[in-house]
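> If you count the sequence shown from 1, you need to add 30 to reach the numbering used here.
Take a look at this one; I'll ask things after.
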Amino acid sequence: MKKHAKVLRILMVLAAAVLFSLLCWLLWAFVPRSSVRYSLLAVTGGIFVLAGLWIWFQQRQIFHFADEICDTLDALISGRQPEVERPYEDSITAKVQGKLLQYYDIMNEGKLQSQRDKQTIQELVSDISHQVKTPIANIQMFTGILRQHQLTEEKRAEFLETMASQINKLDFLMQSLIKMSRLETGTFVLHMEEAPLDKTIAQAISSVWAKADQKNIQLSADCAPSVTVQHDSKWTAEALGNILDNGVKYTPEGGSISVSVRPWQFYTRIDISDTGIGIHEEHYHDVFQRFYRAQETAAEEGVGLGLYLANGIITRQKGYISVKSNYGEGTTFSVYLLS
Numbered sequence: 031m032k033k034h035a036k037v038l039r040i041l042m043v044l045a046a047a048v049l050f051s052l053l054c055w056l057l058w059a060f061v062p063r064s065s066v067r068y069s070l071l072a073v074t075g076g077i078f079v080l081a082g083l084w085i086w087f088q089q090r091q092i093f094h095f096a097d098e099i100c101d102t103l104d105a106l107i108s109g110r111q112p113e114v115e116r117p118y119e120d121s122i123t124a125k126v127q128g129k130l131l132q133y134y135d136i137m138n139e140g141k142l143q144s145q146r147d148k149q150t151i152q153e154l155v156s157d158i159s160h161q162v163k164t165p166i167a168n169i170q171m172f173t174g175i176l177r178q179h180q181l182t183e184e185k186r187a188e189f190l191e192t193m194a195s196q197i198n199k200l201d202f203l204m205q206s207l208i209k210m211s212r213l214e215t216g217t218f219v220l221h222m223e224e225a226p227l228d229k230t231i232a233q234a235i236s237s238v239w240a241k242a243d244q245k246n247i248q249l250s251a252d253c254a255p256s257v258t259v260q261h262d263s264k265w266t267a268e269a270l271g272n273i274l275d276n277g278v279k280y281t282p283e284g285g286s287i288s289v290s291v292r293p294w295q296f297y298t299r300i301d302i303s304d305t306g307i308g309i310h311e312e313h314y315h316d317v318f319q320r321f322y323r324a325q326e327t328a329a330e331e332g333v334g335l336g337l338y339l340a341n342g343i344i345t346r347q348k349g350y351i352s353v354k355s356n357y358g359e360g361t362t363f364s365v366y367l368l369s
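Dropping the structure here:
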C-alpha cells in the first residue's frame, strides 16, 4: 500500500512537471508579448503553489484526525475515559469520536453484564451446594446405619421411611432448581393464548388439594367461566400452585384459603387469601427472593423457591404480584394478569 502511494505521488509530480513544461512551450510559441507571457506564467505558478498548499493542508488535517482517533482508541483500549476536546462540534472528528464512545459504552455494559451473570452463577452454585448438602448427608448417614448395624424390622422400616422422605426432598429440590434454571436462562417457552382462567385456577388448586386435606384446610374459588385472559395456562397454574402451596404450608390446621378473581379494564386480579401466620411488612419484598426463608418458618418444609418462581413466571407474562398481610392473621397475594 505504501509503495503504491509513493509511486502515485511520483507520477503526480512528473505529470505536473510535464504540464508546466508544456504550458511554458505554448506561452513562448504562441504569445509574442513577453509581459503577457510572464503574467500568465506567474498566475499559473501561483495556482500550482496554492494547489500544493491546499494538498499540504489536507494532509495535515488527515494526520491530525488520525492522531486524535488513535489517541481516543488508545484511551478506550486501556480502559480510560478519552479526553474529547470538542465533543459537541459538528466535525468529522467529533462524530467519529462520539460513535467510538457509544461503542465503548455498549461493550462496557456488556462486560459489566457478563460479570453480573458470572456472579449470579457463582451464587447459584453456592446456593445449590448448600441446599443439596443436607439431604445427601442424611441419606449417606442412614445408609451407613442400615449397612453396619443389626436393626429390628421396625427400626429398619423407620430408617427407610426417613430415607424416602429425604430422597423426596432432594427430588423436589432438584425439580425446583431445574425450573429456576430454565426461568433464569430463558430456555422455557411461554405459549400465550386467550383462555378461560377458571380451568387454570382449578389445575393449580388440584396440585395442593391433598396437602390441604391432610391439614383440614378449606379451599374455595370464585371465578366465572366467562373470564378469559391472555396467559400460558401450564406455567400460570404452576405459579398459582406455588402461592397456594405456600399458603397451605403456613396455614394452621382447620384454616382456609380462598381464590377470587376480579376482572379490571387492563388487568385481571387474582387474590389468593389465607388465614396463615402472616408476613411482616418489612419482608414483603424478601419473600420473592431466591432461597429466602423467614426465621419463624425455618422449621417448615421448603427451600424458598416457590414464590421466587411464581414471581418470575408472572413477570415474564407482563404481569406482577403484590402482597398484603396482617401478621398472625393471614396473607393475600394478588396476581395481576393482562386482560
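We put the beta carbon where it would ideally sit given N, CA and C, even for glycine.
So, using beta-carbon positions, are Leu-203 and Ser-237 closer together than 9 Å?
In the sequence shown, counting from the first residue as 1, residue 203 sits at position 173. In the sequence shown, counting from the first residue as 1, residue 237 sits at position 207. It is not a contact, given that the beta carbons lie outside the stated cut-off.
> DSSP three-state label for Ile-351, please.
Your numbering for residue 351 matches position 321 in the sequence shown. DSSP places Ile-351 in strand when its eight states are reduced to three.
> Is Glu-268 buried or exposed, if buried means 16 or more other CB atoms sit within 10 Å of its CB?
On the sequence shown, position 238 is the one that residue 268 refers to. Buried: at least 16 other Cβ atoms inside 10 Å.
> Considering only C-alpha positions, which residue in the set Gln-145, Lys-348, Phe-363 and His-261 is nearest to Ser-288?
Locating residue 288 in the sequence shown gives position 258, where the first residue counts as 1. Per the Cα distances, Phe-363.
> Could you give the distance in angstroms between the alpha-carbon of Glu-191 and the alpha-carbon of Thr-266?
Within the sequence shown, the letter at position 161 stands for residue 191. Within the sequence shown, the letter at position 236 stands for residue 266. So the two alpha carbons sit approximately 33 Å from each other.
> State buried or exposed for Ser-355, treating a residue as buried only when at least 16 other CB atoms are found within 10 Å of its CB.
Taking the sequence shown and counting its residues from 1, one reaches residue 355 at position 325. Buried, by the Cβ-count rule.
> Where does Ser-237 fall in DSSP's three states?
In the sequence shown, counting from the first residue as 1, residue 237 sits at position 207. Ser-237: coil per DSSP, three-state reduction.
> Mind checking who Val-289 pairs with in its DSSP beta bridge?
On the sequence shown, position 259 is the one that residue 289 refers to. Answer by DSSP bridge pairing, in chain order: Ala-251 and Ile-302.
> Drop a sphere of 10 angstroms on the beta-carbon of Pro-62, count the other beta-carbons inside from all chains shown, and report buried for 16 or more, exposed for fewer.
Indexing the sequence shown from 1 puts residue 62 at position 32. With fewer than 16 Cβ atoms within 10 Å of its Cβ, Pro-62 is classed as exposed.
> Between Leu-70, Ile-231 and Tyr-133, which has its C-alpha nearest Val-365's C-alpha?
Position 335 of the sequence shown, counted from the start, is the residue given in the question as residue 365. Minimum Cα distance to Val-365 is reached at Ile-231.
> Return yes when the Cβ of Ser-286 is within less than 9 Å of the Cβ of Gln-248, no when it is not.
Position 218 of the sequence shown, counting from 1, holds the residue named residue 248. Position 256 of the sequence shown, counting from 1, holds the residue named residue 286. Contact flag set, yes.
> Looking at Leu-213 and the ligand GTP, is the gap between the Cβ and the nearest heavy atom below 8 Å?
This structure lacks the ligand GTP, and indeed carries no ligand of any kind.
> Per the DSSP calculation, His-261 is bridged to which residue(s)?
As a first step, residue 261 must be located in the sequence shown, where it is residue number 231. Glu-223, per the DSSP bridge assignment.
> Once DSSP output is grouped into helix, strand and coil, what is the label at Tyr-280?
To locate residue 280, count along the sequence shown from 1; it is residue 250. Three-state DSSP puts Tyr-280 in coil, outside helix and strand.
> Can you find at least 3 beta carbon pairs, one from the segment 207 to 215 and one from the segment 246 to 262, that sit closer than 8 Å?
no
> Using 8 Å as the cut-off, can you tell me whether the segment 165 to 185 makes contact with the segment 308 to 320, which would need three or more C-beta pairs spanning the two stretches below that distance?
no
> Could you tell me which residues DSSP puts in a beta bridge with Gly-360?
On the sequence shown, position 330 is the one that residue 360 refers to. DSSP lists Asn-356 as partners of Gly-360.
> Evaluate contact between the segment 121 to 140 and the segment 95 to 112, counting only Cβ atoms and requiring at least three cross-stretch pairs below 8 Å.
yes
> Suppose you measure from the CA of Arg-67 to the CA of Leu-38; what does that come to, to the nearest Å?
Sequence index remark: in the sequence shown, residue 67 carries index 37 (1-based). Sequence index remark: in the sequence shown, residue 38 carries index 8 (1-based). Rounded to the nearest angstrom, the two C-alpha atoms are 31 Å apart.
> Below 9 Å between beta carbons: does that hold for Leu-335 and Lys-209?
On the sequence shown, residue 335 is found 305 positions in, with the first residue counted as 1. On the sequence shown, residue 209 is found 179 positions in, with the first residue counted as 1. Going by C-beta atoms, Leu-335 is nearer than 9 Å to Lys-209.
> Starting from the C-beta of Asn-272, find all residues in its chain whose C-beta is less than 7 Å away, skip the five residues before and the five after it, and write them out in chain order.
Here residue 272 refers to the residue found at position 242 when the sequence shown is read from its first residue. The residues are Gly-336, Leu-337, Leu-339 and Ala-340.
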